[in-house]
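So the structure is just underneath, and the comments pick up after that.
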Amino acid sequence: MASLKNIKIKIQSYRKTGTVTHAMEAVSAVKMRKTQERALAGRAYAAAALSVLEHLSRSLDTSHHPLMVRNLGFVNPNFGFTKPKFRTCLIIVTSDKGLAGSLNSSVIRRAEHEIAARNLGPEQTIMIAIGRRGAEHFANRGYDVRIRRENVSDDLSESDLRTITDELLSWHAVGEIDTCLVIYTNFISTFEQEALAHQVIPVTPEAVRETVAGIRPARGRYAPRSEAPVPPLAIYLVEPSVDQVLAELLPRLINIMVFHAFIESKASEHSARRVAMKSATDKAKDMVKSYTRHFNKARQAAITREVSEITSGMEAMR
Amino acid sequence: MQNYPPTFNLVIASVSKTHFDGPALAATVPGSEGELTILPHHAALVTTLKKGTIAVRVMGGERHTFPIDNGVLECSHNSAIVLL
Chain E
308 MASLKNIKIK
318 IQSYRKTGTV
328 THAMEAVSAV
338 KMRKTQERAL
348 AGRAYAAAAL
358 SVLEHLSRSL
368 DTSHHPLMVR
378 NLGFVNPNFG
388 FTKPKFRTCL
398 IIVTSDKGLA
408 GSLNSSVIRR
418 AEHEIAARNL
428 GPEQTIMIAI
438 GRRGAEHFAN
448 RGYDVRIRRE
458 NVSDDLSESD
468 LRTITDELLS
478 WHAVGEIDTC
488 LVIYTNFIST
498 FEQEALAHQV
508 IPVTPEAVRE
518 TVAGIRPARG
528 RYAPRSEAPV
538 PPLAIYLVEP
548 SVDQVLAELL
558 PRLINIMVFH
568 AFIESKASEH
578 SARRVAMKSA
588 TDKAKDMVKS
598 YTRHFNKARQ
608 AAITREVSEI
618 TSGMEAMR
Chain P
47 MQNYPPTFNL
57 VIASVSKTHF
67 DGPALAATVP
77 GSEGELTILP
87 HHAALVTTLK
97 KGTIAVRVMG
107 GERHTFPIDN
117 GVLECSHNSA
127 IVLL
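Same order as they appear, the protein sequences are chains E and P. To convert, note that position 133 of the first sequence is 440 in the numbering used here; the numbers rise steadily by one, no gaps. To convert, note that position 34 of the second sequence is 80 in the numbering used here; the numbers rise steadily by one, no gaps.
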């Protein structure tokens with residue numbers, strides 16, 4: 308039987324671990340509430356912005372805008388027609404730290420699934436990694452992690468993300484990439500998160516519809532108000548011109564999609580960590596309990612042994 | 047004759063916050079091509095907005111103003127969305 312001291316040390320270490328995970332749980336719970344609120348509030352805007360584009364794309368000929376079609380050929384003004392060799396940009400949104408269950412691994416798995424499905428290699432992809440986990444994973448495997456953001460604050464604003472999306476748009480503008488996907492964790496509930504991939508560029512009505520459908524929660528305050536009938540096509544007046552409106556609207560939309568992915572991931576991260584820490588705390592409590600019982604048994608055994616030694620010694624002396 | 051509602055549904059939203067969401071009688075916005083006022087049953091319209099102030103008149107004669115830097119207005123089916 309393990310010595311009493313060893314058991315005592317074990318109990319103490321489990322108790323300490325439990326304290327730490329309990330503290331982390333409490334911290335995550337606060338962050339979770341804040342980020343969930345933000346994610347849910349942001350959904351209304353994202354849905355509105357995307358529905359504007361959806362309306363527009365149904366009634367206007369938007370198919371010629373470069374951000375809405377796949378790059379086919381690209382005429383470089385300096386070099387004439389160049390054979391296109393477009394790459395695909397993947398925006399991977401993960402957390403900086405682990406201890407959040409399967410959150411990051413499912414995002415990475417999803418990303419690798421997309422890479423495999425599109426037959427892409429490290430040469431055909433550009434990565435934008437928000438969060439250290441994703442950045443390290445793909446950098447270690449030889450991918451071109453062009454932009455790397457770590458320690459991003461929870462209350463990053465939409466305009467802060469502009470620097471990233473502007474860069475993204477500039478790669479598109481020079482014909483380096485033709486597709487951009489964002490891979491993130493969609494927040495469904497505190498106990499349920501799902502890794503998703505959405506196409507950001509080209510902005511197609513189908514992709515937009517998919518995103519809108521994905522960001523509307525099934526129930527609750529932000530659930531879609533009773534399935535609205537699809538309004539008949541409106542003939543839009545567009546001021547100043549279709550191109551100018553799209554030039555204003557599309558970068559905004561792309562930024563919103565990325566931003567949306569970011570805040571959803573943050574809400575998911577804190578929820579997942581909270582749940583993971585809760586189960587770690589519970590487990591630690593269980594372990595303390597079972598080792599305490601073990602300890603008590605061992606102590607009782609030691610006492611019994613001592614008593615029997617004493618009594619047998621007394622018997623012998625008689 | 048069909049009775050049209052005297053208001054339209056107006057949403058003014060930025061990512062962090064919904065500034066206005068509800069029925070409005072009129073909204074004057076700084077369009078990039080000049081100021082315009084949206085009344086109920088405005089024709090379908092999409093326009094970019096420039097820096098200025100949105101003035102909204104609601105039932106009961108109350109007025110709300112929102113300063114903006116830029117934005118996009120979409121208007122169709124008796125509802126208007128302003129994205130900031």
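Ideal placement from N, C-alpha and C gives every residue a C-beta, glycine not left out. Just so you know, these numbers come straight off a predicted model, no measurement behind them.
Return the CA-CA distance between Ala465/E and Asp593/E, expressed in angstroms with no decimal places. Correcting the residue identity first, residue 465/E is Glu in this sequence and not Ala. Here the C-alpha atom of Glu465/E lies approximately 44 angstroms from the C-alpha atom of Asp593/E.
Are Val452/E and Ala436/E close, meaning C-beta to C-beta below 7 angstroms? A contact, by the Cβ cut-off of 7 angstroms.
Does chain P have any CB closer than 7 angstroms to the CB of Tyr352/E? Yes - at least one Cβ of chain P is within 7 angstroms of the one on Tyr352/E.
Would you grab the beta carbon distance between Val104/P and Pro76/P for me? Rounded to a whole angstrom, and I think it's under 8 angstroms. The C-beta separation of Val104/P from Pro76/P comes to about 19 angstroms, leaving the pair out of contact by the 8 angstroms criterion.
Run through chain E and tell me which residues come within less than 7 angstroms of Val57/P, C-beta to C-beta. In chain order, Ala355 make up the part of chain E whose C-beta sits under 7 angstroms from the C-beta of Val57/P.
Check whether chain P comes within 7 angstroms of Lys312/E, counting only Cβ atoms and requiring the distance to be less than that. No, Lys312/E lies away from the interface with chain P (no Cβ there is under 7 angstroms from its Cβ).
Quick one: residues in its chain with C-beta nearer than 6 angstroms to the C-beta of Thr328/E, no 5 flanking neighbours on either side, listed in chain order? These residues qualify, in order along the chain: Met584, Ala587 and Thr588.
Of all the CB atoms in chain E, is at least one closer than 7 angstroms to the CB of Ser125/P? No, Ser125/P does not count as interfacial toward chain E.
Would Pro547/E count as contacting chain P if we go by Cβ distances under 7 angstroms? Under the Cβ criterion of 7 angstroms, Pro547/E is counted among the residues facing chain P.
Since Lys97/P and Ile84/P are thought to touch, with beta carbons under 8 angstroms apart, how far apart are those beta carbons, to the nearest angstrom? Actually they are not in contact, since the Cβ atoms of Lys97/P and Ile84/P sit about 18 angstroms apart, beyond 8 angstroms.
Please report the distance separating the alpha-carbon of Ser78/P from that of Tyr352/E. Straight-line spacing of the CA atoms in Ser78/P and Tyr352/E works out to 22 angstroms.
Judging by CA-CA distance, which residue of Asn562/E, Ser310/E, Met624/E and Phe569/E is the nearest neighbour of Arg456/E? Per the Cα distances, Phe569/E.
Is Asn493/E helix, strand or coil when you go by DSSP? Per DSSP, reduced to three states, the secondary structure at Asn493/E is strand.
Alpha carbon to alpha carbon, how far is Asn562/E from Arg469/E? Give it in angstroms, no decimals. Those two C-alpha atoms are separated by around 6 angstroms.
Would the region 606 to 619 of chain E count as touching the region 424 to 444 of chain E if we require 3 or more Cβ pairs under 8 angstroms? Judged by Cβ distances under 8 angstroms, the region 606 to 619 of chain E makes no contact with the region 424 to 444 of chain E, as fewer than three pairs qualify.
Quick one, which residues of the region 552 to 575 of chain E are near chain P if we go by CB-CB under 8 angstroms, in chain order? Those residues of the region 552 to 575 of chain E that come within reach of chain P (Cβ to Cβ, closer than 8 angstroms) are Val552, Glu555, Leu556, Arg559, Ile563 and Phe566.
Listed in chain order, which residues of the region 65 to 99 of chain P have Cβ atoms closer than 8 angstroms to some Cβ of chain E? Sequence-ordered contacts of the region 65 to 99 of chain P with chain E read Gly77, Ser78, Glu79, Ala89, Ala90, Leu91, Val92, Thr93 and Thr94 [C-beta pairs closer than 8 angstroms].
Locate the alpha helix (DSSP H) running through Thr588/E, then write down its first and last residues. Val549 to Met624 is the extent of the alpha helix (DSSP H) around Thr588/E.
Please name the residue in Thr53/P, Glu120/P, Thr99/P and Leu119/P whose C-alpha comes closest to that of Thr111/P. Of Thr53/P, Glu120/P, Thr99/P and Leu119/P, the residue nearest in Cα terms is Thr99/P.
Three-way DSSP call (helix, strand, coil) for Val334/E in this model: Look at Val334/E here: in three-state DSSP terms it is helix.
Answer with yes or no whether the minimum CB distance from Val359/E to chain P is below 7 angstroms. So yes, Val359/E belongs to the interface.
In terms of DSSP beta bridges, what is Gln506/E paired with? Beta-bridge pairing links Gln506/E to Leu488/E.
Evaluate Thr326/E with the Cβ neighbour count: other Cβ atoms within 10 Å of its Cβ, from every protein chain shown; 16 or more gives buried, anything less gives exposed. When all chains shown are included, Thr326/E counts as exposed.
By how many angstroms is the C-alpha of Gln506/E removed from the C-alpha of Lys392/E? Going from the Cα of Lys392/E to the Cα of Gln506/E covers about 19 angstroms.
Going by Cα to Cα distance, which pick from Ala126/P, Val128/P and Gly117/P is closest to Gln551/E? Here the closest residue by C-alpha is Gly117/P.
Would Ala504/E and Arg417/E be called neighbours here (beta carbons separated by less than 7 angstroms)? Against a cut-off of 7 angstroms, the Cβ pair of Arg417/E and Ala504/E comes out as a contact.
Say whether chain E places a C-beta atom closer than 7 angstroms to the C-beta of Val102/P. Among the residues facing chain E, Val102/P is not included, as its CB has no counterpart in that chain under 7 angstroms away.
Assign Arg350/E to one of two classes, buried (16 or more other C-beta atoms within 10 Å of its C-beta) or exposed (fewer than that). By the 16-neighbour rule on beta-carbons within 10 angstroms, Arg350/E is buried.
Answer with buried or exposed for Ile316/E, where buried requires no fewer than 16 other C-beta atoms within 10 angstroms of its C-beta. Exposed, since its Cβ has fewer than 16 Cβ neighbours within 10 Å.
List, in chain order, every chain P residue whose beta-carbon is nearer than 8 angstroms to that of Arg362/E. First, the residue type needs correcting, since residue 362/E is His and not Arg in the sequence shown. Within 8 angstroms Cβ-Cβ: Glu120 and Ser122.
For the beta strand (DSSP E) holding Ala418/E, just list the boundary residues, first then last. DSSP places Ala418/E outside any beta strand (DSSP E); the residue lies instead in the alpha helix (DSSP H), whose first and last residues are Leu410 to Ala424.
Indicate the three-state DSSP secondary structure (helix, strand or coil) for Lys63/P in the structure shown. Under the three-state reduction of DSSP output, Lys63/P falls in the strand class.
So with Cβ pairs under 7 angstroms, would you call Val128/P a contact of chain E? Not closer than 7 angstroms to any Cβ of chain E, the Cβ of Val128/P fails to qualify, so no.
Who are the Cβ neighbours of Arg425/E in its own chain at under 7 angstroms, not counting the five residues just before and after it? Around Arg425/E, the same chain offers Thr395 as residues with beta carbons nearer than 7 angstroms, after the five sequence neighbours per side are excluded.
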